[in-house]
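Peer 1:
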Amino acid sequence: MKVPGTPALELRSVRRAYGFGPSATVALDDVSLTVRPGSFVSLIGPSGCGKSTLLRLVAGLEQPDRGDVRVHGVTPAEACAAKMIGLVPQTPALLPWMSVLRNVTLPQKINRGAAKRRGRIAGFTERESAPAAPDMRELLVKAGLGEALHKLPAQLSGGMRQRVAIVRAFGLRPDMLVMDEPFSALDEFTRESLQDQLLDLWDELKTTVLFVTHSVSEAVRLSDTVVVMAPKPGRIVESIEVDLPRPRGERLFGEHRFHEYEDLIRDRLRRAWHSDAA
Ligand SMILES: Nc1ncnc2c1ncn2[C@@H]1O[C@H](COP(=O)(O)OP(=O)(O)OP(=O)(O)O)[C@@H](O)[C@H]1O
Ligand SMILES: [Mg+2]
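Under this note's numbering, think of the first position of the sequence shown as -5, with each following residue one higher.
(1) Report buried or exposed for Gly165, applying the criterion of at least 16 other Cβ atoms within 10 angstroms of its Cβ.
(2) Are Pro147 and Arg155 close, meaning C-beta to C-beta below 8 Å?
(3) With a threshold of 16 other CB atoms inside 10 Å of the CB of Gly44, please say whether the residue is buried or exposed.
(4) Mind checking which residues open and close the alpha helix (DSSP H) that includes Glu198?
(5) Can you tell me whether His268 is buried or exposed, with buried defined as 16 or more other CB within 10 angstroms of its CB?
(6) Mapping DSSP to helix, strand and coil, what is Ser209?
(7) Just to confirm the assignment, what range does the alpha helix (DSSP H) spanning Ala18 have?
(8) Have a look at Arg260 and Leu22 and give me their C-alpha separation to the nearest angstrom.
(9) Give me the Cβ distance between Phe252 and Val35, rounded to the nearest whole Å; I'm assuming they're in contact under 8 Å.
(10) Could you tell me which of Glu244, Pro227, Ser33, Asn97 sits nearest to Thr277, measuring between CA atoms?
(11) The alpha helix (DSSP H) with Glu56 in it runs from where to where?
(12) With a threshold of 8 Å on Cβ separation, who are the neighbours of Ser93 within its own chain once the five nearest residues in sequence on each side are excluded?
(13) Any heavy atom of ligand 1 closer than 7 Å to the beta-carbon of Thr0?
(14) Can you give the Cα-Cα distance for Pro101 and His250, rounded to whole angstroms?
(15) Whose C-beta lies closer than 6 Å to the C-beta of Glu4 among residues of the same chain, with five residues either side of it excluded?
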């Protein structure tokens, strides 16, 4: 059994600076954040406030200078080794010579051995340590890629490639899915449809999601918690709980409370922006 009450993610007084002395860039200063298992958390804030740095620390690609990062109670390096973390970068990195289907099934095959390690680390029972791998064909069809199973990445649009990358990340059943502005390059309607698909998969697979976006409406629509950040030094200024019912379909956009959340977050972002000028 997983230890009850262990957060999916915990950052304690994390600092990360680039360079030394007075010219150092403090990308993150005294950042603390606790994320419940299964929740959807978005990071939003002006360019340079440390969102990608925070994701890199969580994904174990960088170390904090001070403070502590834990994913389900273990270090990011241990969590990565056990394939507990899935990363969806801003631009999808697919293998160009492999079909859509092989792109998503290959990592699953390669990582089969990780399930046991993951069981030991996260304290799963033997049965829980080997969750049924999702049927990738089914997930691709659900993501609207049924016609594209045997196509090569070069034959797909940008939005389709992004969907393949998301399905691939979900295919490993990560405990924590880390996404850096995955929809930023897409048109509004493709973006909304991908948001729907992401929410469906999230609901089905009960993954914790840490999501970076510059879009206020996207953050409100997707998230349980929106974390507003400010730059120089990069820091968290406020965590806003979004108490709106799910599923959050198109009708949400017409609702007063949705726009109240948008206004609140915009106000905090404006302040974050001005605090930078000081
Ligand atoms: N490898 C690096 N070397 C030096 N400075 C860096 C490095 N990576 C990030 N920084 C600096 O750290 C700060 C935070 O960068 P980060 O990429 O985390 O911001 P961000 O919030 O993701 O911005 P954006 O919204 O533009 O993606 C910035 O001032 C950036 O210039
Ligand atoms: Mg970034």
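Backbone N, C-alpha and C define an ideal beta-carbon position, used for all residues, glycine too. All figures in this text were calculated on a predicted structure; none of them were measured in a lab.
Peer 2: Looking at the atomic coordinates:
(1) buried
(2) Taking 8 Å as the Cβ cut-off, Pro147 and Arg155 qualify as a contacting pair.
(3) buried
(4) 182 to 199
(5) exposed
(6) coil
(7) Careful: Ala18 lies outside any alpha helix (DSSP H) and carries neither H nor E.
(8) Those two C-alpha atoms are separated by around 21 Å.
(9) About 18 Å separates the two Cβ atoms, so there is no contact after all.
(10) As shown, the chain starts at -5 and ends at 272. That puts residue 277 outside it, with no answer to give.
(11) Looking at the DSSP string, Glu56 is not in any alpha helix (DSSP H), and its letter there is neither H nor E.
(12) Hits under 8 Å: Leu143, His144, Lys145, Leu146.
(13) no
(14) 43 Å
(15) Same-chain partners within the cutoff: Thr28, Arg64.
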